[in-house]
Structure formats: C-alpha cells, structure tokens
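K.L.:
Sequential numbering from 16 applies to the sequence shown in the numbering used here.
Got a structure for you, questions after.
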Amino acid sequence: MKRIFLLIVLSLAAMTATGQEKVKLYIAGDSTAQTYDPEQTLMRGWGQEIQQFFDADKLEVDNRAIGGRSTGSFIREERWKGIVDDLKADDWVLIQFGHNDTSTNPQRHVEPDEYKDNLMNMCSDVMAKGAHPIILTSIVMRTHRDGVLVDERPHFAEYIQLARDAASEICVPMIDMNQLTTNLVLELGDEKSKELYYHVKVGDHPKLQADKKDDTHLREAGAVTYAKMLAEAIKGAYLPLADYLNF
16 MKRIFLLIVL
26 SLAAMTATGQ
36 EKVKLYIAGD
46 STAQTYDPEQ
56 TLMRGWGQEI
66 QQFFDADKLE
76 VDNRAIGGRS
86 TGSFIREERW
96 KGIVDDLKAD
106 DWVLIQFGHN
116 DTSTNPQRHV
126 EPDEYKDNLM
136 NMCSDVMAKG
146 AHPIILTSIV
156 MRTHRDGVLV
166 DERPHFAEYI
176 QLARDAASEI
186 CVPMIDMNQL
196 TTNLVLELGD
206 EKSKELYYHV
216 KVGDHPKLQA
226 DKKDDTHLRE
236 AGAVTYAKML
246 AEAIKGAYLP
256 LADYLNF
C-alpha cells in the first residue's frame with residue numbers, strides 16, 4: 016500500500032515537472048506578434064520572443080497570433096474560440112489587434128464600434144473562464160518622412176484610442192505598447208530604429224530574394240526589444256502575471 020501511495024506521489028510530481036500544471040499565457044494577435052520559421056525568414060514577432068522573460072517551469076507561452084487577422088477575422092475563423100476552449104482558470108491572455116482592423120480589405124476591416132465591442136467581448140470571454148485578459152495597443156509603424164515619424168494610415172490613431180477605451184470600460188489591464196514603442200522609435204531616430212524593423216538586404220538570409228523595407232514588421236532585434244519592453248511593463252504595472260517573470 017505504501018509503495019502504491021509513493022508511486023502516486025511520484026507520478027503527480029512528474030506531471031508538475033513536465034509542465035502539465037503550468038499556467039499558460041495565450042497571445043491573440045496579428046503578424047507583429049506571430050511566430051515565424053527562422054529557416055524561412057528573418058521576420059519575427061514579439062510573441063515568439065516573450066517566453067525568454069518568463070520562468071518556463073511556471074508559465075508556458077502559447078502564441079496563437081497569426082498574420083493578416085483583425086478582431087473580426089480572428090473570431091470568424093474560430094481562432095478565438097480555440098483559445099477560449101483551451102483556457103483554464105488563472106491562465107492569461109494578451110490581446111493585440113488593430114493593424115488589420117483598419118485595413119480597407121473587406122476580409123479584414125472592422126468598423127470602429129465593432130472593433131471596440133470585439134475587444135470587450137473577448138475580455139468577457141476570458142474572465143468567464145476564470146482567466147485574465149490584458150489588452151495591448153498595437154506597436155507603432157516606424158514610417159519616417161524627412162527624418163520625422165509620421166502616421167500614414169487613416170484612422171490608426173483612432174483604433175489605438177478605442178483599445179484604451181475598451182480596457183477602461185470593462186476594467187481590465189491595458190499596456191500601451193503603441194506609446195511605449197513610439198517613445199523608443201522617437202528616441203532612436205529614423206536610421207537607428209530601422210535595426211528593429213524588417214529592413215533587410217539580399218544576402219542577409221538564404222531565402223531573401225530582394226531587399227525589404229518594412230516599417231510594420233519586426234526582425235529579431237525588434238521582437239526581443241519589444242517583448243522585453245512588454246515584460247517590463249507587466250512588472251511595472253504590478254500585475255499578478257509579473258509573479259511568473261524571471262527577472
């Protein structure tokens with residue numbers, strides 16, 4: 016009997032050690048957060064780099080972000096349902112959309128009021144499972160004209176504010192990644208900030224067929240920098256999620 020009891024205890028300990036009892040941090044978002052294959056591209060999302068700032072023995076990042084998705088298409092394709100179905104109490108969900116919601120593409124575009132409602136409904140879904148949502152505003156697009164940071168996408172600033180408003184109205188945490196990343200890009204300036212974004216040349220990667228100048232998406236330096244910025248903001252806001260950080 017004692018031997019059976021010992022085997023049960025050891026089995027439970029093994030389950031914990033292998034991560035079956037870990038808290039999960041889900042990421043719902045777009046291409047700026049998604050995970051990329053390093054063998055195929057130099058592009059990186061901040062979501063694929065954030066695990067390194069958490070204690071992997073206590074928390075596992077599950078990055079469900081995918082390129083080209085808005086709140087509307089993420090919901091329609093049941094990607095959001097997949098997260099909600101897998102959620103357990105005390106898990107966390109980072110929600111960052113906006114880049115594609117402002118698109119003129121009808122498959123992506125979401126009207127302002129619907130965008131705000133989608134964010135609030137997502138948060139409600141998470142809380143209904145006993146888990147914890149955090150709304151993130153979209154990272155900045157580092158488009159410069161004559162050395163000056165400009166916003167060339169119509170209504171993008173409006174959607175950033177709507178994300179802030181949604182978090183405020185439903186009383187969930189919000190981390191203003193747009194403001195944080197804007198501050199950093201302004202500090203670095205036009206040329207230096209290119210090192211964070213997908214400004215790459217043929218020869219930098221075997222799969223690269225042409226030079227790229229992309230002011231929306233990140234390369235590794237930017238993804239790591241923004242992931243660390245987010246982790247530091249979580250700590251600075253004294254969110255319970257900070258208990259799982261490794262610094």
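Positions of the beta carbon are idealized from the N, C-alpha and C atoms, including for glycine.
Could you check whether the region 188 to 195 touches the region 217 to 235, counting it as contact only if at least three pairs of C-beta atoms, one from each stretch, sit closer than 8 Å?
P.N.:
Because the criterion of three Cβ pairs below 8 Å is not met, the region 188 to 195 and the region 217 to 235 do not touch.
K.L.:
Buried or exposed: Tyr51, going by 16 or more other Cβ atoms within 10 Å of its Cβ?
P.N.:
Here the question's residue 51 lines up with position 36 in the sequence shown. Tyr51 is buried by the Cβ-count criterion.
K.L.:
Measure the beta-carbon distance from Lys207 to Asp106 and round it to whole angstroms, keeping in mind my assumption that it falls under 8 Å.
P.N.:
On the sequence shown, residue 207 is found 192 positions in, with the first residue counted as 1. On the sequence shown, residue 106 is found 91 positions in, with the first residue counted as 1. That belief does not hold up - the Cβ atoms of Lys207 and Asp106 are roughly 37 Å apart, past 8 Å.
K.L.:
Just verifying my parser: in three-state terms, what is the DSSP assignment at Met137?
P.N.:
Stepping through the sequence shown from its first residue, residue 137 is reached at position 122. Helix.
K.L.:
Going by alpha carbons, who is nearest to Leu223 out of Thr152, Gln55 and Val187?
P.N.:
Position 208 of the sequence shown, counted from the start, is the residue given in the question as residue 223. If we check each option's Cα against that of Leu223, Gln55 comes out closest.
K.L.:
Among the residues of its own chain, which have a CB less than 8 Å from the CB of Ser118, if the five just before and after it don't count?
P.N.:
Your numbering for residue 118 matches position 103 in the sequence shown. Correct list, in chain order: Ser85 and His124.
K.L.:
Can you tell me the Cα-Cα spacing of Asp166 and Glu36, whole angstroms?
P.N.:
Against the sequence shown, residue 166 aligns to sequence position 151. Against the sequence shown, residue 36 aligns to sequence position 21. Going by the C-alpha atoms only, they are around 44 Å apart.
K.L.:
Which two residues bound the contiguous beta strand (DSSP E) that contains Trp107?
P.N.:
As a working note, residue 107 is residue 92 in the sequence shown. Element bounds for Trp107: Trp107 to Gln111.
K.L.:
Look up Asn261 in the DSSP assignment and say whether it is helix, strand or coil.
P.N.:
Start at 1 with the first residue of the sequence shown, and residue 261 comes out as number 246. Asn261 falls in the coil class under three-state DSSP.
K.L.:
Going by other Cβ atoms of all chains shown within 10 Å of its Cβ, with 16 needed for buried, is Asn261 buried or exposed?
P.N.:
Within the sequence shown, residue 261 is the residue found at index 246, counting from 1. Burial call: exposed.
K.L.:
Check whether the region 130 to 144 and the region 64 to 78 are in contact - that is, three or more C-beta pairs closer than 8 Å.
P.N.:
Judged by Cβ distances under 8 Å, the region 130 to 144 makes no contact with the region 64 to 78, as fewer than three pairs qualify.
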